[in-house]
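K.L.:
First, the structure itself, so that you have it in front of you.
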Amino acid sequence: MQKAWWKEAVVYQIYPRSFMDSNGDGIGDLQGIIKKLDYIKNLGITVIWVSPIYKSPNKDNGYDISDYQDIMDEFGTMEDFDELLKEIHQRGMKLVMDLVVNHTSDQHKWFLESRKSKDNKYRDYYIWKDPVDGHEPTNWGSYFSGSAWQFDETTGQYYLHQFVPEQPDLNWDNPVVRKEVFDMMTWWCEKGIDGFRMDVISLISKPEEYKDGPVKEGEKYSFCGAVTANGPHEHEYLQEMNQKVLSRYNLLTVGETSCVTLEEAKKYARSDGKELSMVFQFEHMDVDSDEHGKWTDKKLYLPDLKEVLNRWQKGLEEVAWNSLYWNNHDQPRVVSRWGNDSGEYRELSAKMLATCLHMMQGTPYVYQGEELGMTNMHFSDVSECDDIEEKNIYIDLVTDTKVYTHDQMMDIISKKGRDNARTPMQWDDSENAGFTTGTPWFAVNPNYKTINAAAQVEDPDSIYNYYRKLIELRKEEEVIVYGTFDGLEDADENLYIYTRSSENKKILVICNFTEKELDVPASIADMVKENRGILIGNYKDISEKIRPYEAVVYLTK
Ligand code: TEU
Ligand code: CA
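Dropping the structure here:
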């Protein structure tokens with residue numbers, strides 16, 4: 001298999017707003033990140049991905065950009081950025097920026113001009129359509145509730161926004177827009193960055209025809225992603241981006257490809273390097289969704305998770321490349337979601353989940369705080385929430401349609417909402433978890449007294465040091481990066497078992513997703529018995545049984 005530095009990388013995602021505040025204003029910033037680079041380096045991380053740091057009104061916490069070539073006031077200055085990049089490179093790490101070019105902020109100068117008149121030079125930078133029978137051009141619904149169209153009085157037309165109205169979609173069919181984006185990307189590459197995470201990049205090529213889509217039972221709109229994802233010119237535009245920008249630098253590029261299928265991923269992450277290095281897929285994030293999407297307290301059924309991940313492991317083998325993630329700034333904390341965040345089981349299940357993911361084939365992503373076993377937080381009222389997606393879904397499912405009561409919705413937001421990932425990083429047991437000397441912009445999880453970095457960095461048995469060993473193993477054992485994946489016992493409802501094999505090495509990974517003590521399945525009993533040692537495990541000794549939330553990686557050849 002073709003080798004590449006980004007296949008051997010381990011990426012740490014920082015959500016700057018909640019990572020570390022250096023000036024006491026309660027908001028994380030670039031100087032705060034610089035203070036914590038040694039903490040990240042010590043984990044064994046090789047690449048840092050920062051969520052958007054560009055100028056933004058923060059309607060969607062930076063995913064609504066008003067100036068792509070300047071730094072958000074709250075985060076610092078371009079000089080701070082230059083210092084951050086230098087400090088990261090000096091530590092032998094790389095920096096990946098978050099590229100949000102499916103849409104801009106409505107405060108971006110392009111949109112401020114575009115909305116002025118129909119014949120404005122920037123009009124076609126965005127997607128404007130006439131009303132149809134006095135209403136929205138199509139029945140498309142936004143990712144964040146409501147219509148995906150916003151009426152603009154000045155020119156009597158609607159503009160498309162697949163997220164909130166303050167995030168108007170760019171018109172990628174306009175070659176001038178593509179050139180603007182490619183020039184901006186080149187500008188950042190010339191500054192020396194090492195890659196891009198590309199926000200909803202699968203949505204940039206819109207359908208040739210703007211017409212109504214299918215509406216699900218009980219819904220008012222047709223989900224826009226279903227008609228816009230993986231559009232007719234998607235791969236043409238990405239190959240143009242690759243040819244004009246990406247291929248000229250030594251980059252890690254990861255597409256956040258909402259609604260991507262395995263077949264489409266083979267195009268986005270094709271191994272000939274003509275598009276992107278890899279993609280974030282979402283099928284495994286949807287295994288605990290239902291007719292209300294992720295807004296449900298549906299429990300994980302392990303065979304569903306195994307079916308998705310094993311299919312992606314085998315499906316991309318040799319032809320493309322996987323990313324590996326449980327967490328990011330849009331997902332709840334996995335130890336609460338699919339582990340057990342209470343008592344002794346929190347540490348065990350956090351290490352088990354980490355083992356399950358990090359022994360697979362692909363580039364692993366660690367989201368800030370995941371390496372500490374940070375957990376979800378309880379929100380009792382929507383007024384405690386910051387996330388626009390949560391606020392809008394509350395109105396949709398409680399106020400407007402009464403699908404859920406207030407208590408039901410708050411319980412579900414506490415389980416699945418994005419705010420769970422945005423509580424401030426827990427550095428130590430001092431006030432505000434050492435995140436800020438001021439008033440934190442968002443509530444700190446009260447469990448910071450016991451769950452924090454200071455309590456773990458020096459403890460050899462901590463979750464932090466377990467992640468450090470997993471990452472070290474990946475650097476030592478080539479079979480973990482390049483070995484073949486084979487799932488075992490796919491139907492088992494409690495255990496996730498798979499092997500990774502290369503010419504002269506084979507490992508067996510066993511993860512117990514439950515608090516039950518279980519027998520070793522007969523199918524792997526011999527492999528276990530003849531093992532040549534344990535590479536890593538979350539119990540100090542070995543047992544005839546598989547214990548609650550046990551993870552163990554045997555060397556079998
Ligand atoms: O997220 C795109 C996306 O698919 C989100 O709808 C996400 O999957 C969802 O919130 C999970 O329930 C990207 C960014 O990661 C997200 O933070 C932004 O809000 C969004 O695009 C718009 O830029
Ligand atoms: Ca600050």
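Each residue of the sequence shown is one higher than the last, beginning at 1 in full-length UniProt numbering.
Beta carbons are placed, not taken as given, at the ideal position from N, Cα and C, and that holds for glycine.
#1: Quick check on the contact list: which residues have their beta carbon closer than 5 Å to a heavy atom of ligand 2?
#2: For residue 509, does the three-state DSSP call read helix, strand or coil?
#3: Going by DSSP, which residues form a beta bridge with residue 322?
#4: Can you check the segment 335 to 409 for any beta strand (DSSP E) of at least 3 residues that lies completely inside it and give the ranges in chain order?
#5: Assign residue 484 to one of three DSSP states: helix, strand, or coil.
#6: Looking only at its chain, what residues have a beta carbon closer than 6 Å to the beta carbon of residue 291, apart from the 5 residues adjacent to it on each side?
#7: In whole angstroms, what is the alpha-carbon distance linking residue 343 and residue 465?
#8: Unbroken beta strand (DSSP E) runs of length 3 or more, entirely within the segment 154 to 215: which are they?
#9: Quick one: residues in its chain with C-beta nearer than 7 Å to the C-beta of residue 270, no 5 flanking neighbours on either side, listed in chain order?
#10: Mind checking whether residue 469 and residue 506 have CB atoms under 8 Å apart?
#11: Only counting the same chain, and skipping five residues up and downstream in sequence, which positions put a Cβ closer than 6 Å to that of residue 527?
#12: Do residue 390 and residue 419 come within 8 Å of each other at the CB atom, strictly closer than that value?
#13: Is it buried or exposed for residue 503, if we count other Cβ within 10 angstroms and need 16 for buried?
#14: Would you please state the rounded distance, in angstroms, between the beta carbons of residue 26 and residue 427? I believe it to be under 8 Å.
#15: Given the structure, does residue 582 come close to ligand 1, in the sense that its CB is under 7 Å from one of the ligand's heavy atoms?
#16: With DSSP as the reference, please indicate the residues paired to residue 141 in a beta bridge.
#17: Is residue 281 near ligand 1, in the sense that its beta carbon is under 7 Å from a heavy atom of that ligand?
#18: DSSP on residue 13, reduced to helix/strand/coil?
#19: Would you kindly check if the distance between the Cβ of residue 495 and the Cβ of residue 536 is under 8 Å?
#20: Taking the C-alpha atoms as reference points, what is the distance between residue 189 and residue 498?
#21: Is any non-hydrogen atom of ligand 1 found closer than 7 Å to the C-beta of residue 325, if you look at the structure I gave you?
#22: Under the three-state reduction of DSSP, which class applies to residue 536: helix, strand or coil?
#23: Which residues bound the beta strand (DSSP E) around residue 255?
#24: Pick helix, strand or coil for residue 519, following the three-state DSSP scheme.
P.N.:
With the given structure in hand:
#1: 21, 23, 25, 27 and 29
#2: By 1-based counting over the sequence shown, the position of residue 509 is 509. Residue state, collapsed to three classes: strand.
#3: By one-based count along the sequence shown, residue 322 stands at place 322. Paired residue(s): 279.
#4: 363 to 367
#5: Here residue 484 corresponds to residue number 484 of the sequence shown, with the count starting at 1. Three-state DSSP puts residue 484 in a strand.
#6: Here residue 291 refers to the residue found at position 291 of the sequence shown. For residue 291, where only same-chain residues beyond five positions count, there are no Cβ hits under 6 Å.
#7: If you number the sequence shown from 1, residue 343 lands on position 343. If you number the sequence shown from 1, residue 465 lands on position 465. Cα to Cα, residue 343 sits roughly 19 Å from residue 465.
#8: 157 to 160 and 195 to 198
#9: Your numbering for residue 270 matches position 270 in the sequence shown. Excluding residues within five positions, the ones whose Cβ falls inside 7 Å are 320.
#10: The sequence position of residue 469 within the sequence shown is 469, counting from 1. The sequence position of residue 506 within the sequence shown is 506, counting from 1. No, Cβ-Cβ distance for residue 469 and residue 506 is not below 8 Å.
#11: Counting from 1 along the sequence shown, the entry for residue 527 is found at position 527. The residues are 508 and 556.
#12: Your numbering for residue 419 matches position 419 in the sequence shown. Your numbering for residue 390 matches position 390 in the sequence shown. Cβ distance < 8 Å, so residue 419 and residue 390 count as in contact.
#13: By one-based count along the sequence shown, residue 503 stands at place 503. Exposed.
#14: Counting from 1 along the sequence shown, the entry for residue 26 is found at position 26. Counting from 1 along the sequence shown, the entry for residue 427 is found at position 427. That belief does not hold up - the Cβ atoms of residue 26 and residue 427 are roughly 14 Å apart, past 8 Å.
#15: Lying before the first or after the last residue shown, residue 582 is absent from the chain, which here runs from 1 to 557.
#16: One-based indexing of the sequence shown puts residue 141 at position 141. Answer by DSSP bridge pairing, in chain order: 147 and 223.
#17: Locating residue 281 in the sequence shown gives position 281, counting from the first residue. Incorrect: residue 281 has no Cβ contact closer than 7 Å to ligand 1.
#18: Taking the sequence shown and counting its residues from 1, one reaches residue 13 at position 13. Of the three classes helix, strand and coil, the one that applies to residue 13 here is strand, per DSSP.
#19: Residue mapping note: residue 536 aligns to position 536 of the sequence shown, counting from 1. Residue mapping note: residue 495 aligns to position 495 of the sequence shown, counting from 1. Cβ distance not < 8 Å, so residue 536 and residue 495 don't count as in contact.
#20: Mapped onto the sequence shown, residue 189 falls at position 189. Mapped onto the sequence shown, residue 498 falls at position 498. Cα to Cα, the separation comes out at about 39 Å.
#21: Start at 1 with the first residue of the sequence shown, and residue 325 comes out as number 325. Checking the Cβ of residue 325 against ligand 1 gives no.
#22: Here the question's residue 536 lines up with position 536 in the sequence shown. Looking at residue 536 - three-state DSSP - the assignment turns out to be strand.
#23: Walking along the sequence shown from the start, residue 255 turns up at place 255. From DSSP, the beta strand (DSSP E) with residue 255 extends over 252 to 256.
#24: Numbered from 1 along the sequence shown, position 519 holds the residue referred to as residue 519. Residue 519: coil per DSSP, three-state reduction.
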